[in-house]
Amino acid sequence: MSNYQISENMLNLGTENAFVVLARAAELERQGHNVINLGIGQPDFKTADHIVEAAIKALKDGHHGYTPGNGILELREAVAADIFKRHKVDINPDQVVIVPGGKVTMWHCILMFGGKGKEILYPNPGFPIYESAIKFSGAKAIPIPLLEETNFSFDPEKTISSINKNTSLIIINSPANPTGGMIKKELLDILVKKLEEFPNVSILSDEIYSHILYENDFYSMLNYQSILDRLIILDGWSKTYAMTGWRIGYGIWPLKLAEQATRLNINSVSCTNAATQFAAIKALTGPQEQVANMIKEFNTRKNLIVEKTNQIPGMHSQMPEGAFYTMPNITGTKLSSKEMETLLLEELKIATVAGTSFGEYGEGYIRFSYANSQNNILEALNRIHEYAIENKWG
Ligand code: PLP
11 MSNYQISENM LNLGTENAFV VLARAAELER QGHNVINLGI GQPDFKTADH
61 IVEAAIKALK DGHHGYTPGN GILELREAVA ADIFKRHKVD INPDQVVIVP
111 GGKVTMWHCI LMFGGKGKEI LYPNPGFPIY ESAIKFSGAK AIPIPLLEET
161 NFSFDPEKTI SSINKNTSLI IINSPANPTG GMIKKELLDI LVKKLEEFPN
211 VSILSDEIYS HILYENDFYS MLNYQSILDR LIILDGWSKT YAMTGWRIGY
261 GIWPLKLAEQ ATRLNINSVS CTNAATQFAA IKALTGPQEQ VANMIKEFNT
311 RKNLIVEKTN QIPGMHSQMP EGAFYTMPNI TGTKLSSKEM ETLLLEELKI
361 ATVAGTSFGE YGEGYIRFSY ANSQNNILEA LNRIHEYAIE NKWG
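In our numbering, the protein residues as written are 11 to 404.
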C-alpha cells in the first residue's frame, strides 16, 4: 500500500475471517468438491413467506424511495412494541435507529465512542468486528477474556479492574458468538452495580442472539434503570428471522445519541432499504411459529454436534446456552486453531472458523456453526472422527 496516501486508520482495519472461509469453500465447490459448511453464522432456513410478501407488496405499493435516516416510524413503533412485549421495558420509538444490518449499530457506536486516547473493552474471543472497528477508530482495544473454565462467561470484577479514565465504552455480547456462552443475570447485576461507579463509561449490549436460547431466559441490559442514559442495544432481524442478506438491524440509543447515530446513517448509507423495512414490520408483528421451529431444530442439532464432537479424540465441547455455535477445545489434537481450520477445509472439505479469528483468547479452539442440516453435521463429524483415528489424535 506504500504508494497510496491512504489513511493510517485503514492499516488497523481487520476483517471477518468467516467471509474468507466462505469464499474458499465456494471455490472448492466450483471445483466439484462436496464442502460441508459449518463456517458461516447464518440460519440455513428461508425467510418466512409472509415476510417476503410484505416486501413485494411494499415495492408494488410504491415504497421505493428514501426513507427517513432513522427508519420509518411504523417500524420504529413496532420495535418499541416488541421490546415491551419481550422485556416489559418502555422505550420511545425515537430512540430506535434502523440500520442496514446489526453490524452497522456496532460500527456507529464504536466510531462515536472511539478515537485516539480512548479505550474500549470488548469480549475476546468475540465477534471480530469489535476489535477491528475499535482499532480503526484509533482507540485502544482492551480484551475481556471469555474462558472455557467459566463456561465462556466473564469475570465482572476483573473486567471492572480494566477500566481507567480513558475508558469510554464496554461491549457485552450474550448469548455470544463464537462461544455460544451466556452471561448469567447474577453476573450482569454485579457488573452494573460496579458500572454505577463509572458514569463516564457507556455500554454496548449486543443482543442479536437474544431469541436463540436453550436453557435460560434472556435478561436484557435494558432492565437496568441506572445505566439507561448510557446504554446502547444492538439487535436485529438477521438471525431471529433468517434475514442475513436483507441487511437490516436496529440500535436502541439514549435519545441524544439517537440523533448522532442518525447522522452517521445520513453521512454513510442515508437510510435502510425501504422494502426491507416493511418486511421487518411484518416479521415483528406477524406469526412467530417459524422462529420457534427454527430454535427447536437448533436445539436438536446443538445436542447432536456436542455429542459427536465429544467422541472425537483430542476435542471436547462445552454445551452452548444460546446462538448456533460451539467452540470445541482442540488442544488435544496438537494442532493450532489455524492449522485445524486449514486441515478441515482443504483435506476434509469442511468449512469452520479458527478460534483465533475471534481474538487471541480463541487459540486452541475451532468454531463450528450448526446452521446446517443434521445429516450434514453427522457427515462432517464422521469425516473428522475417521481422520482423528487414522492420525492418532488425542
Ligand atoms: N453481532 C454479532 C455477535 C454477530 O455474530 C453478528 C453476525 O454474525 C452481528 C452482530 C451482525 O449481524 P448482521 O448480519 O445483522 O449485521
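The beta-carbon is built from N, C-alpha and C at its ideal position, and this holds for glycine as well.
Remember, it's a predicted structure, so these values are computed and weren't measured experimentally.
Q) Quick one: is P338 buried, meaning 16 or more other Cβ sit within 10 Å of its Cβ, or exposed? A) For this step, residue 338 is matched to residue 328 along the sequence shown. Buried, by the Cβ-count rule.
Q | Expected contact under 8 Å - CB spacing of N309 and Y224 to nearest Å | A | One-based indexing of the sequence shown puts residue 309 at position 299. One-based indexing of the sequence shown puts residue 224 at position 214. Sure, about 5 Å apart at Cβ, within 8 Å.
Q: Determine the burial state of E357: buried for a count of at least 16 other Cβ atoms within 10 Å of its Cβ, exposed for fewer.
A: Counting from 1 along the sequence shown, the entry for residue 357 is found at position 347. It counts as exposed.
Q) What is the rounded straight-line gap between the Cα of D100 and the Cα of N187? A) Along the sequence shown, one-based indexing puts residue 100 at 90. Along the sequence shown, one-based indexing puts residue 187 at 177. Distance from the CA of D100 to the CA of N187, rounded to the nearest whole angstrom, comes to 28 Å.
Q. Given that a residue counts as buried once 16 or more other Cβ atoms are within 10 Å of its Cβ, and exposed if not, what is E217?
A. Residue mapping note: residue 217 aligns to position 207 of the sequence shown, counting from 1. That one is buried.
Q: Please name the residue, chosen from F123, A65, T57, that lies closest to L2 on a Cα-to-Cα basis.
A: The question about residue 2 has no answer, for the chain in this structure spans 11 to 404.
Q) Does the Cβ of T57 lie closer than 8 Å to at least one heavy atom of the ligand PLP? A) Residue 57 sits at position 47 when you count from the first residue of the sequence shown. Checking the Cβ of T57 against the ligand PLP gives no.
Q. Ends of the beta strand (DSSP E) at Y260?
A. Within the sequence shown, numbered from 1, the residue matching residue 260 stands at position 250. Note, Y260: beta strand (DSSP E), 259 to 262.
Q) Based on the DSSP secondary-structure assignment, which residues constitute the bridge partners of V109? A) Position 99 of the sequence shown, counted from the first residue, corresponds to residue 109. Per the DSSP secondary-structure output, V109 pairs in a beta bridge with G259.
Q.
Quick check on the burial criterion: 16 or more other C-beta atoms within 10 angstroms. Buried or exposed for Q300?
A. Numbered from its first residue, the sequence shown carries residue 300 at position 290. Taking all protein chains in view, the Cβ of Q300 is crowded by 16 or more other Cβ atoms within 10 Å, so the residue is classified as buried.
Q) Tell me which same chain residues have a C-beta within less than 6 Å of the C-beta of A90, skipping the five on either side of it? A) In the sequence shown, counting from the first residue as 1, residue 90 sits at position 80. Same-chain partners within the cutoff: I101, P103.
(Q) Less than 8 Å separating the Cβ of F137 from some heavy atom of the ligand PLP? (A) Within the sequence shown, the letter at position 127 stands for residue 137. Distances taken from the Cβ of F137 to the heavy atoms of the ligand PLP include one shorter than 8 Å.
Q: Inspect the CB distances between the region 308 to 328 and the region 268 to 280 and report whether three or more fall short of 8 Å.
A: Result no; under three Cβ-Cβ pairs closer than 8 Å.
Q: Name the residue from S178, Y219, I222, M231 whose alpha carbon lies nearest to the alpha carbon of K203.
A: As a position in the sequence shown, residue 203 is number 193, starting the count at 1. It is M231 whose Cα lies nearest to the Cα of K203.
Q: Could you check what DSSP says for G342 in three-state terms: helix, strand or coil?
A: Position 332 of the sequence shown holds residue 342. Helix.
(Q) If contacts are defined as beta-carbon pairs under 8 Å, then G296 and H97 qualify, I think. What distance do you get, rounded to the angstrom? (A) Residue mapping note: residue 296 aligns to position 286 of the sequence shown, counting from 1. Residue mapping note: residue 97 aligns to position 87 of the sequence shown, counting from 1. About 20 Å; that fails the 8 Å criterion.
Q | Which of helix, strand or coil DSSP assigns to I180 | A | For this step, residue 180 is matched to residue 170 along the sequence shown. In the three-state scheme derived from DSSP, where H, G and I count as helix and E and B as strand, I180 is classed as strand.
Q: May I ask which residues mark the beginning and end of the alpha helix (DSSP H) holding E37?
A: For this step, residue 37 is matched to residue 27 along the sequence shown. That run of the alpha helix (DSSP H) goes 27 to 40.
Q.
Taking the beta carbon of Q328 as the centre, do at least 16 other beta carbons fall within 10 Å, making it buried, or is it exposed?
A. Numbered from 1 along the sequence shown, position 318 holds the residue referred to as residue 328. Under this definition Q328 is a buried residue.
Q. D92 to G111, Cα distance in whole Å?
A. For the purposes of this step, residue 92 is identified with residue 82 of the sequence shown, where counting begins at 1. For the purposes of this step, residue 111 is identified with residue 101 of the sequence shown, where counting begins at 1. If you take the alpha carbons of D92 and G111, they lie about 18 Å apart.
Q. How should V30 be labelled, buried or exposed, when 16 other C-beta atoms within 10 angstroms of its C-beta is the threshold for buried?
A. In the sequence shown, residue 30 corresponds to position 20, counting from 1. Flag for V30 reads exposed.
Q) Between N187 and the ligand PLP, is the CB less than 8 Å from at least one heavy atom? A) As a working note, residue 187 is residue 177 in the sequence shown. Yes, the ligand PLP has a heavy atom inside 8 Å of this Cβ.
Q. DSSP on Y229, reduced to helix/strand/coil?
A. To locate residue 229, count along the sequence shown from 1; it is residue 219. Looking at Y229 - three-state DSSP - the assignment turns out to be coil, as it is neither helix nor strand.
Q: Quick one: which unbroken alpha helix (DSSP H) runs of 4-plus residues sit fully inside the region 74 to 139? Chain order, please.
A: Entirely contained in the region 74 to 139, the alpha helix (DSSP H) runs reaching 4 residues are, in chain order, 83 to 97, 112 to 123.
Q: Just grab the DSSP bridge partners of I152 for me.
A: The count along the sequence shown starts at 1 and reaches residue 152 at position 142. Answer by DSSP bridge pairing, in chain order: L131.
Q: Please find out if some non-hydrogen atom of the ligand PLP comes closer than 8 Å to the beta-carbon of S248.
A: Locating residue 248 in the sequence shown gives position 238, counting from the first residue. S248 Cβ: within cutoff of the ligand PLP.
Q: Compute the Euclidean distance between the alpha carbons of A151 and I170, then round it to the nearest angstrom.
A: One-based indexing of the sequence shown puts residue 151 at position 141. One-based indexing of the sequence shown puts residue 170 at position 160. The C-alpha of I170 is placed about 15 Å away from the C-alpha of A151.
Q: Compare the beta carbon distance of I108 and T282 with 9 Å and say whether it is the shorter of the two.
A: On the sequence shown, residue 108 is found 98 positions in, with the first residue counted as 1. On the sequence shown, residue 282 is found 272 positions in, with the first residue counted as 1. Result yes, Cβ atoms of I108 and T282 sit closer than 9 Å.
Q.
So, at 7 Å on beta carbons, what are the nonlocal neighbours of A285 in its own chain, with the 5 sequence-adjacent residues on each side left out?
A. Position 275 of the sequence shown, counting from 1, holds the residue named residue 285. These residues qualify, in order along the chain: A65, A68, L69, H73.
**Q.** K203 beta carbon near the ligand PLP (any heavy atom closer than 8 Å)
**A.** For this step, residue 203 is matched to residue 193 along the sequence shown. Flag unset: Cβ of K203 not near the ligand PLP.
Q: Please look up how many angstroms separate the CB atoms of P185 and G332, rounded, as I've assumed it's under 8 Å.
A: For the purposes of this step, residue 185 is identified with residue 175 of the sequence shown, where counting begins at 1. For the purposes of this step, residue 332 is identified with residue 322 of the sequence shown, where counting begins at 1. That belief holds up - the Cβ atoms of P185 and G332 are roughly 3 Å apart, short of 8 Å.
(Q) Quick check: is any heavy atom of the ligand PLP less than 8 Å from the C-beta of I154? (A) Stepping through the sequence shown from its first residue, residue 154 is reached at position 144. Outside the cutoff, so no.
**Q.** Contacting residues, own chain, Cβ-Cβ under 8 Å from N492 (five flanking each side not counted)
**A.** In the structure as shown, the chain begins at 11 and stops at 404. Residue 492 is therefore absent and cannot be evaluated.
Q) When burial is assigned at 16 or more other CB atoms within 10 Å of the CB, is G259 buried or exposed? A) The residue given as residue 259 occupies position 249 in the sequence shown. G259 should be labelled buried.
Q. Is I411 helix, strand or coil when you go by DSSP?
A. Limits of the chain in this structure are 11 at one end and 404 at the other, which puts residue 411 out of reach.
Q. Which partner residues does A361 have in the DSSP bridge list?
A. Here residue 361 refers to the residue found at position 351 of the sequence shown. Partner residues in the beta bridge of A361, as assigned by DSSP, are N47.
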